[in-house]
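Colleague: Residues in the first sequence are numbered consecutively from 32, following my numbering. We put the beta carbon where it would ideally sit given N, CA and C, even for glycine. Here the structure is a predicted model, which means the values were calculated and not measured. Take a look at the following structure, please.
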Amino acid sequence: MNMQASSNILNDAQQQAVTSTAPYTLVLAGAGSGKTRVLVHRIAWLIQTEHLSPYSVLAVTFTNKAAGEMRARIEKLLNLPTQGMWIGTFHGLAHRLLRAHFQEANLPENFQIIDSDDQQRLIKRILTSLNLDEKQYPPRQIQGFINAKKDEGIRADKFKPLDAHGMTLKRIYQAYEELCQRSGLVDFAELLLSAYDLFLKQPTVLTHYQQRFRHVLVDEFQDTNTIQYEWLKLLVGDQGHLTVVGDDDQSIYGWRGAKIENIQDFYRNFQNTLTVRLEENYRSTAGILKAANHVIANNFNRLGKELKAVSGQGDPIRLYTAFNDLDEAHFLAAQIKYWSGHGYSHEDIAVLYRSNAQSRVLEEALIAANIPYRIYGGFRFFERAEIKDALAYLRLIYYRQDDAAFERIINTPTRGIGDQTLMTIRETAKTHHCSLWQAVEIILTEKTLSNRALSALTAFIELIEHISNTIQPLQNLAEQMEETLKLSGLINHYRQEKGEKAQAKVENLEELITAASQFAPENSQLTPIQAFLAHAALEAGETQSQLTNDCIQLMTLHTAKGLEFKIVFICGLEEGLFPHELSIREEKKLEEERRLCYVGITRAREKLYLSYAENRRLHGKESFQRPSRFLGEIPASCLEEIRPKARVSRPVTQELNFSSSADVIYDGLKLGQRVHHQKFGYGVITNYEGHGENARIAVKFESEGLKWLLAGFAKLKSV
DNA sequence: AAGTTCCGAGTTTTT
DNA sequence: CTCGGAACTT
């Protein structure tokens, strides 16, 4: 935590923002200027000094983490439980509204939230039923199209196609909307759109909330999309107060529908806006801030703001020109090794990169140097396939119309219901305009399938009914979960399978029971199962358990937003990589890349390392790289170039390694040597990287082919 | 229904 | 190169 956070004194600008009495307040909060502090103090001030009821406050964030932090900090500051105060994400609040007003929102009481994985499955199903080629209409693109339209508030019937392709997109969009409606499914974008429609079409509901929420406060306002902004406008109305906090220079989600214009034009849309700039930075040293200011100054479309340092000058920014990506990774590992022995712990250090593909080489270097690391991103708990399967059982038990859940588990674990049978079910559902579940019931009555398929389907229906009857009388959510896992055969399915993967899945499913037992629903208007399913959909959970202590943090620049580290490495500063190839041609996109660079630089508190490689292996090919234009935008006076001592280069060919070295890699192992491995059998060492127990050894096995093994772990025996 | 091979694509991600 | 999905076997 920085110095400011621990003190209760606010600087002038912060004070002005906290105590604004204007109807609309725009707080332009630079990186590290205490924006959450302002938001929290403002809410406290409204309640304590202005005697506003906590009941009249609505605070919106983008992530559950931010919402949780805000709630905790308000509670601490006010020393009161945040009773009645609505603090949550846009999606969470929309969900709450839709549950409370499901009828007015034209939704079934049991509507389910689907994630983008479910959404894509539904779209694929629609493409098949419309006889469309997935090559011509890639599901991912369709998904992007539908979500983009929803973000703009455009439903299928409002979409005006310009050509034949557009016509088809419209047909798909319409079919998708119908399917969701029929199955009681709501995707993420739909949560927002439905909440907006609810306000727009139900004036009584809108008036109720307008009268209740006198003060609406929004965090990270630069990330709002069209529909979120419109929803806010409706909610605030003529009488409400709106405080938005954000930083146009940190808008990096334009590609996801965020409209930077929302913050840029705010004062034009709202008369009587008080604009406050928070420019004092409590996070970084002066040198780092100077670099950040210079880089971002190259953007034209800005509200304008300059970070002012509170801390001293600090170390210069270090720049390393690597020979190639391997060299860059080795350099990073060496620097990290040095600093972690000189007063810094591993968790003080972060390595940031533009795209996930870059992490691989970095990981290998860190493994070789025996540095513990943690990668942010990737699959989260509730996104894992086996967890989603388990939850799909609950969903179907809970609401038989849920086609997404049905499709997921009809043959998971396998029970002899194959593609043919499923096709018939889909056809029947289509002709009868009913759910898949109902379609199966029709098929069973009319006996329109082979006896084998009919008995498999009967067994499935009976299974679901049986689970349903068994868990209904159970009071405890964890018991219900456990019974479902047992009776569905899901957990046994993985128990029978061998291998690490299956075992991890069993562990995850067991963890799901634990999660269910620890789950405490926030409001009691939902049944425990309903609340748990909503929780799973809206909060996908942590990427990894936080057990992994004291690790180097590896993440993309996007993921780093909102975080800070004492030492930051930004690597791969090369034209085509950062700024990315696909963003280089359009000015708007390039400016977003530059903002991303600004975000990256301002993550560093004490030390910042920048690096680029002159050669990099990209898409399997070696390519020459030019340094990023962003490097040129940093004043030379801030930079100190590091000269390489010994450069690490990629082995050009295997032969080179053979001829150049006959030395021992680890424990008497040499190149070309015949070895034996417990699991993989006999093989020959064909290549290696590094020495000692952390060396990575390539062994060509007789039966298993080429494998890279870690010398210390592999227990290779020379033969 | 599981294991194989072949092909093509290849930023950024939260809800 | 390296992953994932589709299409093809067994």
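Consult DSSP for T255 and reduce its assignment to one of helix, strand or coil.
Modeller: Walking along the first sequence from the start, residue 255 turns up at place 224. When DSSP states are grouped into helix, strand and coil, T255 belongs to the coil group.
Colleague: Less than 9 angstroms between the beta carbons of L265 and Y298, yes or no?
Modeller: Here the question's residue 265 lines up with position 234 in the first sequence. Here the question's residue 298 lines up with position 267 in the first sequence. No, Cβ-Cβ distance for L265 and Y298 is not below 9 angstroms.
Colleague: Excluding the 5 residues flanking A179 on each side, which residues of the same chain have their C-beta closer than 8 angstroms to its C-beta?
Modeller: Start at 1 with the first residue of the first sequence, and residue 179 comes out as number 148. Result list for A179: G288, in chain order.
Colleague: Give the DSSP bridge partners of L639, in chain order.
Modeller: To locate residue 639, count along the first sequence from 1; it is residue 608. In the DSSP assignment, L639 forms a beta bridge with V599.
Colleague: So the candidates are L662, E528, R439; which of them puts its Cα closest to the Cα of E624?
Modeller: On the first sequence, position 593 is the one that residue 624 refers to. Nearest of L662, E528, R439 to E624, Cα basis: L662.
Colleague: Apart from the five residues on each side of it in sequence, which residues of its chain come closer than 7 angstroms, Cβ to Cβ, to E664?
Modeller: One-based indexing of the first sequence puts residue 664 at position 633. Once the five neighbours on either side are set aside, the close Cβ partners of E664 are H325, V326, N329.
Colleague: Once DSSP output is grouped into helix, strand and coil, what is the label at S749?
Modeller: Within the first sequence, the letter at position 718 stands for residue 749. Here S749 sits in strand by DSSP.
Colleague: Round the Cβ separation of Y19 and I598 to the nearest angstrom and send it over; I've been treating them as touching at under 8 angstroms.
Modeller: The displayed coordinates of the chain run from 32 to 750. Any statement about residue 19 would go beyond what the structure contains.
Colleague: How would you label P610, buried or exposed, when you count the other beta carbons within 10 angstroms and need 16 or more for buried?
Modeller: Indexing the first sequence from 1 puts residue 610 at position 579. With 16 or more Cβ atoms within 10 Å of its Cβ, P610 is classed as buried.
Colleague: Check whether the Cβ atoms of R156 and L210 lie closer than 9 angstroms to each other.
Modeller: Your numbering for residue 156 matches position 125 in the first sequence. Your numbering for residue 210 matches position 179 in the first sequence. Yes, these two residues count as a Cβ contact at 9 angstroms.
Colleague: Can you tell me which of the three DSSP states N355 falls into?
Modeller: Here residue 355 corresponds to residue number 324 of the first sequence, with the count starting at 1. In the displayed model, N355 falls within a strand according to three-state DSSP.
Colleague: If you follow the beta strand (DSSP E) that V341 is in, where does it begin and where does it stop?
Modeller: By one-based count along the first sequence, residue 341 stands at place 310. Neither: V341 is in no beta strand (DSSP E) and is coded neither H nor E.
Colleague: Based on Cα-Cα distance, which residue from L747, K619, F354 lies nearest to R711?
Modeller: On the first sequence, position 680 is the one that residue 711 refers to. Correcting the residue identity first, residue 711 is Phe in this sequence and not Arg. Considering only alpha carbons, the answer is L747.
Colleague: How would you call R431, buried or exposed, if buried means at least 16 neighbouring beta carbons within 10 angstroms?
Modeller: Along the first sequence, read from residue 1 onward, the residue named residue 431 stands at position 400. With 16 or more other Cβ atoms within 10 Å, it is buried.
Colleague: Give me the DSSP bridge partner(s) of L111.
Modeller: The count along the first sequence starts at 1 and reaches residue 111 at position 80. Looking at the DSSP assignment, L111 forms no beta bridge with any residue, so it has no partner.
Colleague: Taking the Cβ atom as the reference point for each residue, do R314 and T633 lie within a distance shorter than 9 angstroms?
Modeller: The count along the first sequence starts at 1 and reaches residue 314 at position 283. The count along the first sequence starts at 1 and reaches residue 633 at position 602. Yes, Cβ-Cβ distance for R314 and T633 is below 9 angstroms.
Colleague: Below 8 angstroms, can you find three or more Cβ-Cβ pairs linking the segment 403 to 421 to the segment 477 to 490?
Modeller: The answer is no - the segment 477 to 490 does not touch the segment 403 to 421, with fewer than three Cβ pairs under 8 angstroms.
Colleague: What number of angstroms, rounded off, separates the C-alpha of H361 from the C-alpha of L393?
Modeller: In the first sequence, residue 361 corresponds to position 330, counting from 1. In the first sequence, residue 393 corresponds to position 362, counting from 1. For H361 and L393, the distance between alpha carbons rounds to 8 angstroms.
Colleague: Alpha helix (DSSP H) containing E493: first to last residue?
Modeller: Counting from 1 along the first sequence, the entry for residue 493 is found at position 462. Start and end: 482 to 502.
Colleague: Kindly indicate the opening and closing residues of the beta strand (DSSP E) around W117.
Modeller: Numbered from its first residue, the first sequence carries residue 117 at position 86. Where W117 is concerned, the enclosing beta strand (DSSP E) stretches over 117 to 120.
Colleague: Helix, strand or coil for N162 per DSSP?
Modeller: Numbered from 1 along the first sequence, position 131 holds the residue referred to as residue 162. DSSP places N162 in coil when its eight states are reduced to three.
Colleague: Let me make sure I understand the geometry here. Which of L161, I173, I716, L248 has the alpha-carbon closest to that of M101?
Modeller: For the purposes of this step, residue 101 is identified with residue 70 of the first sequence, where counting begins at 1. Among L161, I173, I716, L248, the Cα nearest to that of M101 is on L248.
Colleague: Looking at C-alpha atoms only, which residue of N312, G268, N256 is the closest neighbour of A635?
Modeller: By one-based count along the first sequence, residue 635 stands at place 604. Closest by alpha carbon: N312.
Colleague: Going residue by residue through the segment 373 to 451, where are the continuous alpha helix (DSSP H) segments of at least 4 residues, counting only ones entirely within it?
Modeller: Taking only runs of at least 4 residues, the alpha helix (DSSP H) segments lying wholly in the segment 373 to 451 are 390 to 399, 416 to 429, 434 to 440.
Colleague: Bridge partners for S654 per DSSP, in chain order?
Modeller: Locating residue 654 in the first sequence gives position 623, where the first residue counts as 1. Beta-bridge pairing links S654 to R647.
Colleague: So is Q685 buried or exposed if we call it buried at 16+ other beta carbons inside 10 Å?
Modeller: The residue labelled residue 685 in the question sits at position 654 within the first sequence. Low per-residue confidence applies at Q685: pLDDT is 34, beneath 50, and the placement is therefore not dependable, though the value from the model is reported in the following sentence. Under this definition Q685 is an exposed residue.
Colleague: Can you check whether the CB of F244 is closer than 9 angstroms to the CB of V276?
Modeller: The sequence position of residue 276 within the first sequence is 245, counting from 1. The sequence position of residue 244 within the first sequence is 213, counting from 1. Contact flag unset, no.
Colleague: Which residues in the same chain have their Cβ closer than 6 angstroms to the Cβ of A44, if we skip the five residues on either side of it in sequence?
Modeller: One-based indexing of the first sequence puts residue 44 at position 13. Closer than 6 angstroms at the Cβ level, and outside the excluded window around A44, lie V307, L309.
Colleague: If you measure between the beta carbons of E25 and A571, is that distance less than 9 angstroms?
Modeller: One cannot answer for residue 25 here, as it falls past the ends of the chain, which runs 32 to 750.
Colleague: DSSP three-state label for N141, please.
Modeller: The residue labelled residue 141 in the question sits at position 110 within the first sequence. Residue state, collapsed to three classes: coil.
Colleague: Looking at A423: is its Cβ nearer than 9 angstroms to the Cβ of A436?
Modeller: Position 392 of the first sequence, counting from 1, holds the residue named residue 423. Position 405 of the first sequence, counting from 1, holds the residue named residue 436. Contact flag set, yes.
Colleague: Using the Cα positions of G268 and V217, report the straight-line distance between them to the nearest angstrom.
Modeller: The sequence position of residue 268 within the first sequence is 237, counting from 1. The sequence position of residue 217 within the first sequence is 186, counting from 1. Roughly 27 angstroms between the two C-alpha positions.
Colleague: For the alpha helix (DSSP H) that contains L210, what are its first and last residues?
Modeller: As a first step, residue 210 is located in the first sequence; it is residue number 179 there, counting from the start. Where L210 is concerned, the enclosing alpha helix (DSSP H) stretches over 195 to 214.
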